[in-house]
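These protein sequences, in sequence, are chains A and B.
Residues 2 to 335 (this note's numbering) are what the first sequence spells out, left to right.
Residues 2 to 335 (this note's numbering) are what the second sequence spells out, left to right.
Idealized CB from N, CA, C, for every residue including glycine.
Here the structure is a predicted model, which is why all the values come from computation and not from measurement.
Contents: one structure, followed by commentary.
Protein chains: 2
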Amino acid sequence: MPANGRSRRITIDDVARSAGVSRQTVSRAVNDKPEIDPATRQRVLLVAQSMGYRPSRFARGMVGPGLTTLGLVIADVLNPFFPEVVSGVLAAADERGWQVAVYSTGSALERETAVAETVVNHVDACIAFLLDPGAIELIRRSGMPFVLLDNEHRPPAVSGGRIDFASGMRQVVGHLAERGHRRIAMLDDRGRPDAGDRGTRHSLFLGTAAELGLPADESWVFPAANSLDGGAAAMDDVLDTGFGATAVLAYNDLIAIGAMRRARDRGVRVPEDCAFVGCDGLTLSRLVDPPLTTLTVDKELLGRAAVRQVAAQMTGAGTGETVIEPRLVVRASS
Amino acid sequence: MPANGRSRRITIDDVARSAGVSRQTVSRAVNDKPEIDPATRQRVLLVAQSMGYRPSRFARGMVGPGLTTLGLVIADVLNPFFPEVVSGVLAAADERGWQVAVYSTGSALERETAVAETVVNHVDACIAFLLDPGAIELIRRSGMPFVLLDNEHRPPAVSGGRIDFASGMRQVVGHLAERGHRRIAMLDDRGRPDAGDRGTRHSLFLGTAAELGLPADESWVFPAANSLDGGAAAMDDVLDTGFGATAVLAYNDLIAIGAMRRARDRGVRVPEDCAFVGCDGLTLSRLVDPPLTTLTVDKELLGRAAVRQVAAQMTGAGTGETVIEPRLVVRASS
DNA sequence: CTGAAAGCGCTAACAA
DNA sequence: TTGTTAGCGCTTTCAG
Numbered sequence: 002m003p004a005n006g007r008s009r010r011i012t013i014d015d016v017a018r019s020a021g022v023s024r025q026t027v028s029r030a031v032n033d034k035p036e037i038d039p040a041t042r043q044r045v046l047l048v049a050q051s052m053g054y055r056p057s058r059f060a061r062g063m064v065g066p067g068l069t070t071l072g073l074v075i076a077d078v079l080n081p082f083f084p085e086v087v088s089g090v091l092a093a094a095d096e097r098g099w100q101v102a103v104y105s106t107g108s109a110l111e112r113e114t115a116v117a118e119t120v121v122n123h124v125d126a127c128i129a130f131l132l133d134p135g136a137i138e139l140i141r142r143s144g145m146p147f148v149l150l151d152n153e154h155r156p157p158a159v160s161g162g163r164i165d166f167a168s169g170m171r172q173v174v175g176h177l178a179e180r181g182h183r184r185i186a187m188l189d190d191r192g193r194p195d196a197g198d199r200g201t202r203h204s205l206f207l208g209t210a211a212e213l214g215l216p217a218d219e220s221w222v223f224p225a226a227n228s229l230d231g232g233a234a235a236m237d238d239v240l241d242t243g244f245g246a247t248a249v250l251a252y253n254d255l256i257a258i259g260a261m262r263r264a265r266d267r268g269v270r271v272p273e274d275c276a277f278v279g280c281d282g283l284t285l286s287r288l289v290d291p292p293l294t295t296l297t298v299d300k301e302l303l304g305r306a307a308v309r310q311v312a313a314q315m316t317g318a319g320t321g322e323t324v325i326e327p328r329l330v331v332r333a334s335s
Numbered sequence: 002m003p004a005n006g007r008s009r010r011i012t013i014d015d016v017a018r019s020a021g022v023s024r025q026t027v028s029r030a031v032n033d034k035p036e037i038d039p040a041t042r043q044r045v046l047l048v049a050q051s052m053g054y055r056p057s058r059f060a061r062g063m064v065g066p067g068l069t070t071l072g073l074v075i076a077d078v079l080n081p082f083f084p085e086v087v088s089g090v091l092a093a094a095d096e097r098g099w100q101v102a103v104y105s106t107g108s109a110l111e112r113e114t115a116v117a118e119t120v121v122n123h124v125d126a127c128i129a130f131l132l133d134p135g136a137i138e139l140i141r142r143s144g145m146p147f148v149l150l151d152n153e154h155r156p157p158a159v160s161g162g163r164i165d166f167a168s169g170m171r172q173v174v175g176h177l178a179e180r181g182h183r184r185i186a187m188l189d190d191r192g193r194p195d196a197g198d199r200g201t202r203h204s205l206f207l208g209t210a211a212e213l214g215l216p217a218d219e220s221w222v223f224p225a226a227n228s229l230d231g232g233a234a235a236m237d238d239v240l241d242t243g244f245g246a247t248a249v250l251a252y253n254d255l256i257a258i259g260a261m262r263r264a265r266d267r268g269v270r271v272p273e274d275c276a277f278v279g280c281d282g283l284t285l286s287r288l289v290d291p292p293l294t295t296l297t298v299d300k301e302l303l304g305r306a307a308v309r310q311v312a313a314q315m316t317g318a319g320t321g322e323t324v325i326e327p328r329l330v331v332r333a334s335s
């Protein structure tokens with residue numbers, strides 16, 4: 002019960018008794034039904050208000066169709082990638098009259114199972130950024146409509162949404178190669194357990210570099226925590242290993258910006274000494290100095306598309322996948 | 002019911018019948034109760050799964066204590082102010098085992114009533130950034146625990162959380178005055194209906210300026226849309242009116258950054274020709290060029306404090322107010 | 001270990 | 001216009 006904490010909940014019967022009417026009449030008054038004497042309504046409403054009566058969501062949901070609650074699991078609202086996705090999801094859910102419950106894993110893999118368990122019990126459908134196979138399986142098994150985003154290991158029975166980084170990496174590495182870069186370092190997100198797996202930015206980078214005849218291998222990839230500080234620390238590694246990179250490609254804009262700032266602080270000229278390229282196309286990337294070249298992704302669209310897929314599943318459609326095409330935006334950092 | 006769309010919902014009775022047991026046994030299996038034969042559990046679970054059975058949230062909430070859903074109404078997730086508040090709310094709500102449903106008004110005053118109506122019907126408590134008195138009254142009357150944030154016109158019966166901009170403006174204007182600035186323009190958020198009212202940044206700016214003997218009046222305040230572009234457009238106004246401002250104080254960092262960029266684009270040197278100061282202390286403000294001087298606010302704390310107040314109301318405590326103290330962070334823009 | 005009965009708070013359908 | 005009856009799907013007694 003909406004945590005009254007203290008005493009027993011006040012029910013429609015309490016109000017009915019206190020107002021000297023039947024509970025039906027109370028229901029009519031509260032729900033603004035036409036078939037009730039305005040005077041009665043007024044009186045009942047007053048009593049209800051004074052008693053602090055609030056209809057139970059649960060009892061109502063029990064009778065009527067109830068509200069659809071969509072669970073949205075993200076890693077961290079403070080990572081500027083997610084608010085844009087959230088925005089798309091909120092808008093699309095609102096159009097359908099759904100409520101959105103937001104859950105954050107705090108980018109902690111070990112918390113994913115707990116979040117998944119909560120989700121399974123408290124929402125009607127789920128859109129999630131999740132990496133732990135156990136957590137994913139938990140939600141899948143629940144049978145609720147489920148869309149998994151940004152995960153290359155999506156089980157076949159689960160719908161998904163992803164960004165076409167194969168195309169993206171071609172654009173990015175191609176751009177750097179055109180600019181004459183041969184020694185390109187990559188700053189990967191070390192928080193992801195799928196590092197290096199097929200389809201990840203990491204492996205696509207290596208593959209594309211090889212295709213273009215660039216000398217890149219695992220030693221060209223540096224793990225970074227997914228944050229500005231993480232990017233900065235990884236840039237220290239790049240610089241300190243005497244790697245001689247003339248360009249740095251980061252897993253995302255956050256890491257790229259952190260790295261770029263650290264490089265500048267250490268006397269590296271951008272882009273003359275070293276070029277920087279990010280992924281995601283955060284608003285932020287336009288505002289830093291120098292403005293960051295980035296692989297832009299329509300994150301709101303990703304959110305909207307996910308909601309559309311949830312809706313499709315509710316009408317019985319099968320598993321599907323949405324692929325978002327990224328677009329390289331060249332700015333002064335390269 | 003959780004929008005099955007197609008046919009009737011599958012109930013516990015359906016499963017019981019199909020598995021040849023009583024619904025009690027199904028309940029035991031599904032809820033992992035100890036008093037059931039492991040073999041039976043297994044069998045029942047299999048049947049349940051194969052039938053796509055999902056227990057009804059509503060029916061469960063009806064019986065047990067149910068989950069508390071906290072409604073969080075913000076203006077716009079894309080405004081980087083809000084994610085930080087959301088982060089604080091999510092964390093504090095999670096600690097209490099509550100679910101958070103996020104609603105966005107899209108910064109549109111005319112949508113507030115509709116959002117308030119939804120909130121009233123579908124959550125157990127509410128934390129909101131709301132400006133329309135009608136919407137606020139709607140939620141207040143519902144009797145649910147309610148905390149109104151960042152609103153100078155909070156009804157006495159409603160709990161609130163706000164930032165101490167009286168102190169803040171003293172810090173900001175004092176700082177600029179110390180630096181020798183006399184002609185200070187303010188870029189106000191034109192979307193707020195309370196512009197100029199007592200307690201707003203607008204009026205506190207004018208009051209503080211007067212106290213310090215600076216020549217500021219209404220004509221020194223320029224309305225700006227709450228966005229980067231809004232700040233840019235307002236800066237055009239400042240520049241074009243030949244106002245001769247040597248410093249610009251903005252309603253928030255978003256507006257300040259937009260204005261600062263526009264100024265630079267038009268050949269104004271920052272801070273030599275014109276200094277810029279924002280409010281809020283967005284992460285963003287540290288990253289732009291030049292880094293922005295800003296009145297930093299602990300936005301996560303604001304969110305956490307709001308949750309704490311909701312919790313207090315649930316245990317029967319009365320109306321309260323949390324005041325967050327802002328802190329000036331001086332950077333290169335001034 | 002399993003089943004039968006009772007009731008959570010509400011609204012739709014019907015009766016008065 | 002108002003009241004009565006019947007459930008919604010589930011879990012918690014209490015019997016077996």
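- Within 8 angstroms, strictly: CB atoms of A:D189 and A:H203: yes
- Query: Quick one: what does DSSP say A:V148 is sitting in, helix, strand or coil?
  - Reply: strand
- Task: Spell out whether any CB of chain B is found under 8 angstroms from the CB atom of A:R332.
- Result: no
- 8 angstroms Cβ cutoff, B:V289 in contact with chain A: yes
- Any C-beta of chain B sitting closer than 8 angstroms to the C-beta of A:F82? no
- B:L131 versus B:G161, B:F206, B:A333, residue with shortest Cα-Cα distance: B:G161
- Message: Taking the straight line between their C-alpha atoms, what separation do you get for A:T156 and A:T320?
- Response: According to the sequence shown, residue 156 of chain A is Pro rather than Thr. When rounded, the distance between both Cα atoms is 10 angstroms.
- Is the region 76-96 of chain B in contact with the region 38-58 of chain B, if contact means three or more CB pairs nearer than 8 angstroms? no
- Item | Other residues of its chain near A:G53: CB distance less than 8 angstroms, five sequence neighbours each side excluded | So the qualifying residues of the chain are I11.
- Which chain A residues sit within Cβ distance under 7 angstroms of B:E85? L79
- Message: Given this structure, state the Cα-to-Cα distance separating A:V124 from A:G317, to the nearest angstrom.
- Response: Rounded to whole angstroms, A:V124 and A:G317 show a C-alpha spacing of 18 angstroms.
- Task: May I ask you to list the residues that DSSP assigns as paired with A:Y104?
- Result: A:V74
- Alpha carbon of B:A126 to alpha carbon of B:A102, nearest angstrom: B:A102 has its alpha-carbon roughly 10 angstroms from the corresponding atom of B:A126.
- Query: Which residues share a DSSP beta bridge with B:L296?
  - Reply: B:C280, B:L329
- Buried or exposed for B:D95, please, with buried defined as at least 16 other CB atoms from any protein chain shown within 10 angstroms of its CB. buried
- Message: Just list the residues that DSSP pairs B:C127 with in beta bridges.
- Response: B:G72, B:F147
- Task: Report back the beta-carbon spacing between B:M236 and B:F206 to the nearest angstrom; my notes put them in contact at under 8 angstroms.
- Result: Actually they are not in contact, since the Cβ atoms of B:M236 and B:F206 sit about 17 angstroms apart, beyond 8 angstroms.
- Message: Quick check: what's the CA-CA separation for B:A246 versus B:C275?
- Response: 7 angstroms
- Task: Could you give the DSSP three-state label for A:T316: helix, strand or coil?
- Result: In the three-state scheme derived from DSSP, where H, G and I count as helix and E and B as strand, A:T316 is classed as coil.
- Query: Between B:L288 and A:I37, which are expected to be in contact by the criterion C-beta below 8 angstroms, what is the C-beta distance as a whole number of angstroms?
  - Reply: Incorrect: roughly 59 angstroms between the Cβ atoms, too far for contact.
- Own chain partners of B:R171 with C-beta closer than 7 angstroms, once the 5 adjacent residues on each side are dropped: In chain order, T209 place their CB closer than 7 angstroms to the CB of B:R171, counting only its own chain and leaving out the 5 sequence neighbours on each side.
- Residues bridged to B:D189 (per DSSP): B:P224
- Message: Tell me the rounded alpha-carbon separation between A:A20 and A:V48.
- Response: 6 angstroms
- Take the Cβ of A:A76 as the centre, count every other Cβ of all protein chains shown within 10 Å, and call the residue buried at 16 or more, exposed below. buried
- Task: Using 10 angstroms around the beta-carbon of B:E113, count the other beta-carbons present and answer buried if the total reaches 16, otherwise exposed.
- Result: Classification of B:E113: buried, given that the 10 Å Cβ count is 16 or more.
- Mind checking A:S334: buried by the 16 CB within 10 Å criterion, or exposed? buried
- Item | Residues, ordered as in the chain, of the region 139-151 of chain A that lie near chain B by beta-carbon distance below 8 angstroms | Taking 8 angstroms as the upper bound on Cβ-Cβ separation, chain B lies near residues R142, S143, G144, M145 of the region 139-151 of chain A.
- Message: Which residue wins for smallest C-alpha separation from A:D290, given the options A:R263, A:D281, A:R305?
- Response: Checked all of A:R263, A:D281, A:R305; the closest Cα to A:D290 is A:R263.
- Continuous alpha helix (DSSP H) stretch holding B:L250: start and end: Counting along the chain, B:L250 sits inside no alpha helix (DSSP H); it lies in the beta strand (DSSP E) bounded by residues 248-251.
- Can the beta-carbon of B:G304 be found less than 8 angstroms from the beta-carbon of B:V87? yes
- Message: Which residues of the region 214-241 of chain B have a Cβ closer than 7 angstroms to any Cβ of chain A? Give them in chain order.
- Response: none
- Task: Starting from the Cα of B:A92, find the closest Cα among A:L79, A:L91, A:G268 and give me that residue.
- Result: A:L79
- Task: Verify the CB distance criterion: does B:I258 have a CB-CB separation below 8 angstroms to chain A?
- Result: Chain A contact via Cβ: present.
- Message: So, for A:D198: in the same chain, excluding its five sequence neighbours on each side, which residues have a beta-carbon less than 8 angstroms away from its beta-carbon?
- Response: E153, H154, S204
- Query: On the three-state DSSP scale, how would you describe A:I37?
  - Reply: coil
- By a C-beta neighbour count over all protein chains shown, 10 Å radius and 16 as the cutoff for buried, is B:E301 buried or exposed? buried
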